[in-house]
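Asks: Dropping a structure here in C-alpha cells format, bear with me for questions.
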Ligand code: ADP
Ligand code: MG
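Numbering (this note's numbering), first residue to last: 28 to 718.
Rendered as C-alpha cells:
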C-alpha cells in the first residue's frame with residue numbers, strides 16, 4: 028500500500044516515530060523501512076496466540092501455548108560456565124508435569140514460589156515423556172492476565188531489531204496514522220466483497236484481539252494487493268493495444284490445408300485457430316498464449332498461423348527449447364507446407380559457422396519463409412527481411428526477457444505455446460500481458476495412459492513387460508534419474524544404466540542412449556533411429572521431456588521418479604499415448620518419503636494436466652513451480668498465491684467489472700483507486716510508451 032499522496036503522514040521519515048533514533052532507523056532501512064508508510068505495511072509474518080491454552084497431557088512438541096501449572100519443586104540453579112546460570116523448576120497440573128527452564132534470568136528465584144499457581148506461555152519441547160518449556164513468560168494464575176493473553180504479532184527481523192522493539196514502534200506508528208487514512212477502496216466495493224475498512228485492517232493486522240480479526244484484516248489487505256495487480260495488468264494490456272501490428276488478409280488456402288490433413292481438427296483446435304486469425308487480421312499486434320495439455324495438438328495450430336503469414340508474404344520464426352525438437356518440427360512441417368511454396372530452414376546452435384552465415388544471408392534476403400530453431404537463434408543477431416510472426420513452443424523454457432528481445436527487433440505477432448498446465452487464474456497473472464487461448468480437448472480415440480507407481484521389487488516384472496511390448500512391435504523410453512548438480516554424473520549414470528540393460532536386464536533388445544553430454548549430431552542420430560523404429564528402447568536423460576513425438580512408443584519408464592516435479596513427470600508421460608496403442612507409464616519410486624508418496628499417488632490418479640498442477644501447488648506452493656519472481660511481477664507484501672487463490676478470483680472479478688464499467692475514470696468514489704494505480708504503474712507505463 029502506497030497511499031502516501033492520500034495520507035501525507037505515511038510519507039514521513041520513520042525518525043518521526045517515537046523510540047526511533049538514527050541508529051535504529053539505519054537498521055530499519057535494511058528491512059526496506061524508510062517511511063511511516065513502509066513501517067505500517069511491514070506486516071507480521073505470523074502471530075503468537077497467547078489465548079491458546081492446553082493441559083499438560085495435550086502438549087505436543089513445538090506447541091506454543093499457555094499452560095496453567097502448580098509449581099511443585101524448589102528452584103534449582105546450575106552454573107556450568109561462569110557466564111551461564113540455568114534455573115529449573117518442576118510444575119504440574121492434574122494431567123502431567125513440565126520442566127521449566129530459564130537462562131540467566133536471575134529474577135526468577137524471587138518471582139516463582141513452590142506451591143503457587145501460574146500461567147506459563149512459551150514453546151514446548153517434548154522428548155518422549157519429558158516435557159520442557161524454555162524461558163516461558165508467566166504471571167500468577169489468579170491475577171488479571173496481561174502478558175499471557177491476547178495475540179502478539181511476529182515480524183521478520185534483522186540484527187539489532189528485536190521482536191519487542193518492533194512491536195513497540197509499530198504501535199507508536201499506528202497511533203499516528205489510524206483514523207486518518209482515507210480508504211482507496213470505495214464503499215461500494217467493500218460492500219460487494221465483504222472487505223474491512225482500511226483503518227481497521229491496518230490496526231488489526233498488527234494487533235488483533237482474536238484470530239478472526241486478524242483474518243478479516245488480512246483478507247482486506249490481500250484483496251487490495253491483488254486488485255491493484257489485476258487492474259495494473261488490465262491497464263497495461265489496454266495500453267498495449269496501441270501497438271500496431273501487421274494486418275494480414277484471410278486466405279482460402281487455410282481451409283484446403285485443413286481438409287488435406289490426415290485427421291480432423293478438434294473443435295478446440297479450430298476455435299483457437301479462429302482466435303489467432305482474428306488477431307492476425309486485426310490492427311493490433313497479436314500477443315497470444317496457447318495453453319494445451321501435452322498431446323492436444325498445438326503444433327498444427329501454430330503451423331496454420333505460419334501458413335497464413337507466409338501466404339501474406341511474411342516470414343515466421345518457430346522457436347523451440349531443444350535441438351531435437353527443432354529437428355522434429357522441421358521433419359514434420361516441411362512436407363505439410365511444401366505444397367504452398369513455404370521455404371523452411373533449420374537454424375540451431377550446432378550448424379557449422381559457414382552454414383550459419385549462409386542461412387542468415389537467406390533469412391535477410393527473404394530466401395526463407397519459416398525459420399525453425401532453438402533459442403541460440405536469439406543469442407545471435409539474425410536480421411529478417413520481413414518478420415511477421417514469432418511462435419515460441421514450450422514457453423516455460425524461455426524467459427520472458429528472451430521473448431522481449433526478439434519482439435523488439437520489429438513488431439511481429441507473438442504466439443506462445445505452453446503445455447505447462449497453469450490454472451487459468453494464475454495464468455492471467457503470470458501472462459497478464461498476453462491473451463489466452465486454451466485447447467481443452469484431446470484428439471479423439473486417445474486411450475488414457477495407465478500409470479503405475481512401483482518399487483524395486485517389481486523390477487523383473489517390468490522388464491518382462493517391456494520385452495512383451497517390444498515383441499508386439501512397440502517401443503519404450505527409460506528415463507534416467509535426474510542429477511541436478513552435475514550433467515557429467517548424470518551422463519555417467521545414464522551410460523551405465525544403458526550398459527546394464529544391454530548386458531543383462533533387456534539383453535537382446537536394441538537399446539539407444541541419449542544424454543546431455545553427447546554431441547548434437549550423435550543425439551540426433553539416436554533420436555532418428557528411435558523414431559524410425561530401429562531401436563526398441565531409448566534410454567535417456569530428460570532431453571526427451573519436451574515435445575518429441577514418436578507415436579509407436581507406448582511404454583514410459585521413469586527411474587527415481589521422486590526426483591522429478593509433477594509437471595515434469597506429466598510432460599514425460601505425455602511422450603507416450605500419442606498413437607493408437609494403449610500406453611503405460613511406470614514410475615519407479617525409490618523413496619518412502621511422505622511427499623514423494625503423495626506425488627506418485629497424484630500421478631496415478633490424475634491424467635489431466637490442470638488438475639495435476641493444482642495438486643502440485645497444494646503440495647509445494649506456486650512460487651516453486653512457476654518462478655513467479657522470474658516473471659518480473661511486483662513482490663507481494665502480504666499475498667501468498669497458494670493460500671489466496673480464492674481471493675485472487677474475487678479480485679479478478681472485481682477488476683474486470685471495474686474496467687468494464689470504466690469506473691476508474693467515471694466515478695468520483697473510485698478516484699483514489701485510480702490515482703493509486705497510476706502511481707504504482709507509472710514507470711511501467713512509461714516504459715511501454717517509450718517502446
Ligand atoms: P502438443 O500439443 O503436445 O505439442 P502435438 O502438436 O505434438 O501435441 O500433437 C500430438 C500428436 O497428435 C501429433 O502426432 C499430431 O499429428 C497429432 N494430432 C494433432 N491434432 C490432431 C487431431 N485433431 N486428430 C488426431 N491427431 C492429431
Ligand atoms: Mg508440442
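We put the beta carbon where it would ideally sit given N, CA and C, even for glycine. Predicted model, so just to flag it, every value in this text is computed and none were measured.
With a 10 Å radius around its C-beta and 16 neighbouring C-beta atoms as the bar for buried, classify residue 557 as buried or exposed.
Replies: As a first step, residue 557 is located in the chain shown; it is residue number 530 there, counting from the start. Answer is buried; the Cβ neighbour count reaches 16.
Asks: Residue 323: beta carbon under 7 Å from a heavy atom of ligand 1?
Replies: For this step, residue 323 is matched to residue 296 along the chain shown. Answer for residue 323: yes, Cβ within range of ligand 1.
Asks: Let me check you understand the geometry: is the CB of residue 446 closer than 7 Å to at least one non-hydrogen atom of ligand 1?
Replies: By 1-based counting over the chain shown, the position of residue 446 is 419. Yes, ligand 1 has a heavy atom inside 7 Å of this Cβ.
Asks: For ligand 1, any of its heavy atoms closer than 7 Å to the Cβ of residue 12?
Replies: Outside the shown range of the chain, which is 28 to 718, sits residue 12, and nothing can be said about it.
Asks: Does the pairing of the stretch 343-360 with the stretch 386-399 give three or more beta-carbon distances under 8 Å?
Replies: Contact between the stretch 343-360 and the stretch 386-399 is present, because at least three Cβ pairs lie under 8 Å.
Asks: Quick one: Cα of residue 256 to Cα of residue 371, how far?
Replies: The residue given as residue 256 occupies position 229 in the chain shown. The residue given as residue 371 occupies position 344 in the chain shown. Each residue's Cα considered, the two are about 41 Å apart.
Asks: How is residue 567 classed by DSSP in three states: helix, strand or coil?
Replies: Position 540 of the chain shown, counted from the start, is the residue given in the question as residue 567. Strand at residue 567.
Asks: Measure the C-alpha to C-alpha separation of residue 152 and residue 81 and round it to an integer number of angstroms.
Replies: In the chain shown, the residue the question calls residue 152 occupies position 125. In the chain shown, the residue the question calls residue 81 occupies position 54. One C-alpha to the other measures close to 14 Å.
Asks: Closer than 8 Å is the cut-off here; do at least three beta carbon pairs connect the stretch 192-206 with the stretch 236-247?
Replies: With the cut-off at 8 Å, the stretch 192-206 and the stretch 236-247 do not touch.
Asks: In whole angstroms, what is the alpha-carbon distance linking residue 230 and residue 626?
Replies: Residue numbering aside, residue 230 sits at position 203 when the chain shown is read from its first letter. Residue numbering aside, residue 626 sits at position 599 when the chain shown is read from its first letter. One C-alpha to the other measures close to 41 Å.
Asks: Compute the minimum distance between the beta carbon of residue 591 and the heavy atoms of ligand 1, and state whether it is under 7 Å.
Replies: Looking up residue 591 in the chain shown gives position 564. False, no ligand heavy atom lies under 7 Å from that Cβ.
Asks: Figure out for me which residue from 320, 273, 321 and 289 has the closest Cα to the Cα of residue 308.
Replies: Position 281 of the chain shown, counting from 1, holds the residue named residue 308. Among 320, 273, 321 and 289, the Cα nearest to that of residue 308 belongs to 273.
Asks: Does the distance from the C-beta atom of residue 299 to that of residue 463 stay below 8 Å?
Replies: Here residue 299 corresponds to residue number 272 of the chain shown, with the count starting at 1. Here residue 463 corresponds to residue number 436 of the chain shown, with the count starting at 1. Result no, Cβ atoms of residue 299 and residue 463 do not sit closer than 8 Å.
Asks: Does residue 652 come out as helix, strand or coil in the three-state DSSP assignment?
Replies: Locating residue 652 in the chain shown gives position 625, counting from the first residue. Unreliable positioning characterises residue 652 in this predicted model, as indicated by a pLDDT of 40, which lies under 50. A coordinate reading is not provided.
Asks: According to the Cβ coordinates, are residue 541 and residue 523 closer than 8 Å?
Replies: In the chain shown, counting from the first residue as 1, residue 541 sits at position 514. In the chain shown, counting from the first residue as 1, residue 523 sits at position 496. No, the pair does not count as a contact, with Cβ atoms beyond the cut-off.
Asks: What distance in whole Å lies between the Cβ atoms of residue 38 and residue 68, which are believed to be in contact at a cut-off of 8 Å?
Replies: Counted from its first residue, the chain shown places residue 68 at position 41. Counted from its first residue, the chain shown places residue 38 at position 11. Contact doesn't hold; Cβ gap of about 12 Å is too wide.
Asks: Using a 10 Å radius around the Cβ and a threshold of 16 neighbouring Cβ atoms, would you call residue 179 buried or exposed?
Replies: Sequence index remark: in the chain shown, residue 179 carries index 152 (1-based). Residue 179 should be labelled buried.
Asks: In whole angstroms, give me the CA-to-CA distance for residue 402 and residue 212.
Replies: Sequence index remark: in the chain shown, residue 402 carries index 375 (1-based). Sequence index remark: in the chain shown, residue 212 carries index 185 (1-based). Using only the alpha carbons, I get a separation of about 44 Å.
Asks: By how many angstroms is the C-alpha of residue 140 removed from the C-alpha of residue 97?
Replies: On the chain shown, residue 97 is found 70 positions in, with the first residue counted as 1. On the chain shown, residue 140 is found 113 positions in, with the first residue counted as 1. Distance between the alpha carbons of residue 97 and residue 140: 9 Å.
Asks: Between residue 700 and the rest of its own chain, which residues show a CB-CB distance below 6 Å, the 5 nearest in sequence each way excluded?
Replies: Taking the first residue of the chain shown as 1, we reach residue 700 at position 673. Once the five neighbours on either side are set aside, the close Cβ partners of residue 700 are 211.
Asks: I'd like the list of long-range same chain contacts for residue 65, defined as Cβ closer than 7 Å, with 5 residues on each side in sequence excluded.
Replies: Counting from one through the chain shown, the residue named residue 65 turns up at place 38. Answer for residue 65: 59, listed in chain order.
Asks: Where does the unbroken beta strand (DSSP E) through residue 303 begin, and where does it stop?
Replies: Numbered from 1 along the chain shown, position 276 holds the residue referred to as residue 303. Where residue 303 is concerned, there is no enclosing beta strand (DSSP E), although the alpha helix (DSSP H) it sits in stretches over 294-308.
Asks: Please report how far the alpha carbon of residue 201 lies from the alpha carbon of residue 144, in whole angstroms.
Replies: Position 174 of the chain shown, counted from the start, is the residue given in the question as residue 201. Position 117 of the chain shown, counted from the start, is the residue given in the question as residue 144. C-alpha separation (whole angstroms): 36 Å.
Asks: Between the Cα of residue 302 and the Cα atoms of 310, 291, 315 and 292, which residue gives the shortest distance?
Replies: Position 275 of the chain shown, counted from the start, is the residue given in the question as residue 302. When only C-alpha atoms are compared, the closest one is 315.
Asks: Tell me whether residue 325 sits in a helix, a strand or coil according to DSSP, three-state version.
Replies: The residue you call residue 325 lines up with position 298 of the chain shown. Reduced to three states, the DSSP call for residue 325 is helix.
Asks: Buried or exposed: where does residue 615 fall if 16 or more other Cβ atoms within 10 Å of its Cβ makes it buried?
Replies: Within the chain shown, residue 615 is the residue found at index 588, counting from 1. The residue in question, residue 615, is buried, as its Cβ has 16 or more Cβ neighbours within 10 Å.
Asks: Return the chain-ordered list of same chain residues with a C-beta closer than 7 Å to the C-beta of residue 254, the five sequence neighbours on each side being excluded.
Replies: What you label residue 254 is simply residue 227 of the chain shown in a count that begins at 1. So the qualifying residues of the chain are 678, 681 and 682.
Asks: At what residues does the alpha helix (DSSP H) containing residue 74 begin and finish?
Replies: Taking the chain shown and counting its residues from 1, one reaches residue 74 at position 47. Not the alpha helix (DSSP H): residue 74 falls in the beta strand (DSSP E), residues 73-76.
Asks: Look up residue 144 in the DSSP assignment and say whether it is helix, strand or coil.
Replies: Working through the chain shown from its first residue, we reach residue 144 at position 117. Strand, per DSSP.
Asks: Name, in chain order, the residues that DSSP records as bridge partners for residue 100.
Replies: If you number the chain shown from 1, residue 100 lands on position 73. DSSP lists no partner for residue 100.
Asks: By a C-beta neighbour count over all protein chains shown, 10 Å radius and 16 as the cutoff for buried, is residue 46 buried or exposed?
Replies: In the chain shown, residue 46 corresponds to position 19, counting from 1. Per the 10 Å Cβ criterion, exposed.
Asks: What are the start and end residues of each continuous beta strand (DSSP E) run of 3 or more residues lying completely inside the stretch 538-601, in chain order?
Replies: If we require 3 residues or more, the beta strand (DSSP E) runs fully inside the stretch 538-601 come out as 538-541, 564-567 and 580-585.
Asks: Quick one: grab the DSSP three-state call for residue 50.
Replies: Stepping through the chain shown from its first residue, residue 50 is reached at position 23. Helix, per DSSP.
Asks: Pull up the CB-CB distance for residue 182 and residue 72, whole angstroms please, since I reckon it's below 8 Å.
Replies: Walking along the chain shown from the start, residue 182 turns up at place 155. Walking along the chain shown from the start, residue 72 turns up at place 45. With 8 Å as the limit, residue 182 and residue 72 qualify as a contact, their Cβ atoms being about 7 Å apart.
Asks: For residue 413, does the three-state DSSP call read helix, strand or coil?
Replies: Here residue 413 refers to the residue found at position 386 when the chain shown is read from its first residue. Here residue 413 sits in coil by DSSP.
Asks: For residue 694, collect the residues of the same chain with a Cβ closer than 8 Å to its Cβ; drop the 5 residues on either side in sequence, then sort them by chain order.
Replies: One-based indexing of the chain shown puts residue 694 at position 667. 213, listed in sequence order.
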